[in-house]
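Read through the structure below, which is laid out as structure tokens, and then see the notes.
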Amino acid sequence: MSSLETFLLRLALLTITRSLLRLQREITKVVNTSQRRSHLSVAVFISTALLGIALDQWSKIVALQNLDADSYVPIFGGLLHLTLVRNPGATLGAGGRFTPAVSIVAIIVSAIIAWAAVKTKSVLWALTLGVTLSGALGNIVDRVIYARTFLDGEVVDFINYGPFVGNVADVLLGVGVACFIIVSMMGVRSGIATVDRILFGNDAHTEAGSYSSAETGETAIPTQKVDTDLAESASSDIEIKTDTGSVKSASDDITTDIKQESHQSLPNHEEEPA
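So that you can map any letter, position 163 of the sequence shown is 219 in the numbering used here, and since no number is skipped, the others follow by simple counting.
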């Protein structure tokens, strides 16, 4: 085998190695970014849910201390009124004769919402699910606290809309549903294949694992996207000279680049996700 053929073979092997090292670094970067987004989404979901539940329970405590069934306090220029009502049913008084069944359904829905919130990597979806869950759990807390037997406690309602009387948890549920519709219309992917397939149809197949993040202005890149950097690196122009000294110099330069690439990839591989 001539010196030129040996050089070409070695150059090909070194180029492949270099490309693999760069690919490893890019994969590690994507994994770490995905984990950080996942942790951020869970933190946003939990914080939003806890804040909503705390606000709902605080408002009910204030209502119990200051209102009774005969109270009729106008607010917002008489648009709404405050009065105290014990509601055995669901939101806005529906299903009053099936309190335990309503409670069980609410618990199941809450579990599904929590599952989706843990799976999603979208902060907007995490925020939406957190608001919705706080509304559902706010009333479930009442079912448990004021229960005489199994989940038959009455919910504290005090915001009189006219035909209905509700509470802060009901408002949070309404806001959560509105956010759900808005986020879906914006085309924001949740990052959950099943949910995205239901909401966006076959388009979700080609964008598996991708989602939009309106608050950061980023749109995730589909997994099928080819790394153009690797293609450019592999097709970079190399001047081949028959002179032995030039061959050795070019080979040594590539070897040095490989070592530097390998050194740079180690910190990224060991980096703890935020």
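For each residue, glycine too, the CB sits at the ideal point set by N, CA and C.
Euclidean distance between Cα positions of residue i and residue j
i: ILE196; j: VAL165; result: 11 Å
i: LEU69; j: THR62; result: 11 Å
i: SER246; j: VAL158; result: 28 Å
i: ALA225; j: ARG204; result: 22 Å
i: MET242; j: VAL227; result: 22 Å
i: ASN122; j: ALA170; result: 34 Å
i: ASP126; j: LEU106; result: 32 Å
i: PRO219; j: LEU255; result: 33 Å
i: ILE163; j: LEU96; result: 25 Å
i: PRO156; j: GLY257; result: 36 Å
i: GLY133; j: ASP198; result: 30 Å
Beta carbon of residue i nearer than 8 Å to that of residue j
i: VAL244; j: LEU180; result: yes
i: ILE160; j: LEU207; result: yes
i: ASP112; j: SER178; result: no
i: GLY186; j: VAL200; result: no
i: VAL174; j: VAL251; result: no
i: ALA172; j: ILE72; result: no
i: THR188; j: LEU135; result: no
i: LEU193; j: ILE117; result: no
Cβ neighbour criterion (16 or more within 10 Å) applied to residue i
i: ASP213; result: buried
i: ARG74; result: buried
i: GLU103; result: For the sequence presented, residue 103 should be read as Ser rather than Glu. Counting Cβ neighbours within 10 Å, SER103 comes out exposed, since fewer than 16 surround it.
i: ALA182; result: buried
i: ASN143; result: buried
i: VAL129; result: exposed
i: LEU77; result: buried
i: ASP124; result: exposed
Cβ-based neighbour list, residue i, same chain, cut-off 8 Å, excluding 5 preceding and 5 following
i: THR184; result: GLY232, CYS235, PHE236 and VAL239
i: ILE131; result: HIS137 and LEU138
i: GLU271; result: Interpretation of GLU271 is limited by its pLDDT of 40, a score under 50 that renders its predicted location unreliable; the figure taken from the coordinates is listed afterwards. Around GLU271: VAL179 and LEU180.
i: SER115; result: PHE214, ASN223 and VAL224
Residues of its chain near residue i, where Cβ-Cβ distance is below 7 Å and the 5 sequence neighbours each way are ignored
i: PHE101; result: ALA173, ALA182, LEU185 and GLY186
i: TYR202; result: GLY209 and GLU210
Own chain residues within Cβ distance below 6 Å of residue i, not counting five before or after
i: TYR217; result: none
**Q.** Ordered list of alpha helix (DSSP H) runs contained in the region 182-268, each at least 4 residues
**A.** 224-241, 249-256 and 259-262
Q: Go through the region 96-183 residue by residue and report every complete run of the alpha helix (DSSP H) that reaches 4 residues or more, in order.
A: 155-175
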